[in-house]
Amino acid sequence: MDELMGIYLNDQLAMGVAGRELAKRSARNNHDTPVGGALSRVAAGIAEDVETFRAVMRRLGVRTSVVKTGLALVAERVARSKLNGRLRSYSPLSRFEELEILAMGIDGTKQLWTTLRDQAGLAVRLPDVRFRRADRGGCPSTRGGRAVASRRGTEAFAGAPSAGG
């Protein structure tokens, strides 16, 4: 396996692990909100993708970098301490940012599977792997996710001063 491909796969795995942890946390924090169910499905889908990705790496003979995945876990936990306008409670800004980051991650995952399938030629090397994120327009549980994120952004920024004054 090409060394650069191994680096790329480990970088992508680390991002997937961080995204999985963010999705799990966001689902927990929003379990009693209108987006709670969708976030639970997204978290499950990301967890499934991470495991599929690990299996692909094993089949290609790429060793998992425990340093990169460990640092991704630490980075996700450190990000939790980011100031969000509230000291002791969950903020609408946190909800909005989490939804926005997850939506970007889902778009990135679709691109990842497309790259692996088409540019890296893995569809030929691993014909039994279903490059599902590339074949469909993202996770079905996130359809309409942009609209939800937009509504949460409106909630988060309600009452914020306008850019002009």
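Last residue of the sequence shown: 161 in the working numbering, with the numbers rising by one and none dropped.
Built from N, CA and C at the ideal position, the CB exists for glycine as well.
What number of angstroms, rounded off, separates the C-alpha of residue i from the C-alpha of residue j?
i, j, result
"Ser87", "Ala19", "16 angstroms"
"Glu47", "Arg21", "18 angstroms"
"Gly117", "Asp28", "43 angstroms"
"Thr105", "Val74", "23 angstroms"
"Leu9", "Glu72", "14 angstroms"
"Leu69", "Arg37", "21 angstroms"
"Phe165", "Ile102", "Nothing about residue 165 can be reported from this structure: the residues present for the chain run from -3 to 161 only."
"Val208", "Arg84", "Here the chain has residues from -3 to 161 only, and residue 208 is not among them."
"Val62", "Asp7", "11 angstroms"
"Ile3", "Phe49", "14 angstroms"
"Leu89", "Lys78", "11 angstroms"
"Thr60", "Met100", "24 angstroms"
"Asn175", "Leu67", "A query on residue 175 cannot be resolved here, the shown segment of the chain reaching from -3 to 161 and no further."
"Gly33", "Leu98", "15 angstroms"
"Glu163", "Gln115", "Residue 163 lies beyond the stretch modelled for the chain, which goes from -3 to 161, so this question has no answer here."
Ignore the nearest five residues each way along the sequence and tell me which others in residue i's own chain have a CB closer than 6 angstroms to its CB.
i, result
"Arg16", "Ile42, Ala43, Val46"
"Ala23", "Leu35, Ser36, Ala39"
"Met53", "Leu5"
How far does the alpha helix (DSSP H) with residue i in it extend, from its first residue to its last?
i, result
"Lys78", "It is not in any alpha helix (DSSP H) - Lys78 carries neither H nor E in the DSSP assignment."
"Phe49", "32 to 56"
"Phe127", "Note, Phe127: premise wrong, no alpha helix (DSSP H); not H, not E."
"Asn26", "Premise fails: Asn26 is in no alpha helix (DSSP H) and is neither H nor E."
"Ala119", "118 to 121"
"Asp103", "88 to 110"
Could you work out which residue in the options is closest to residue i when comparing CA atoms only?
i, options, result
"Met1", "Gly57, Ser90, Ala34", "Gly57"
"Arg76", "Asn25, Glu(-1), Asp(-2)", "Asn25"
Sorry if obvious, but does the Cβ on residue i come closer than 7 angstroms to a heavy atom of the ligand ZN?
i, result
"Ala10", "Although the ligand ZN was asked about, the structure shown includes no ligands whatsoever."
With a threshold of 7 angstroms on Cβ separation, who are the neighbours of residue i within its own chain once the five nearest residues in sequence on each side are excluded?
i, result
"Thr65", "Leu9, Ala10, Val13"
"Leu122", "Val52, Arg55"
"Gln107", "none"
In chain order, what residues of the same chain have a beta carbon less than 8 angstroms from the beta carbon of residue i, not counting five sequence neighbours either side?
i, result
"Phe127", "Trp109, Thr110, Leu112, Arg113, Leu118, Ala119"
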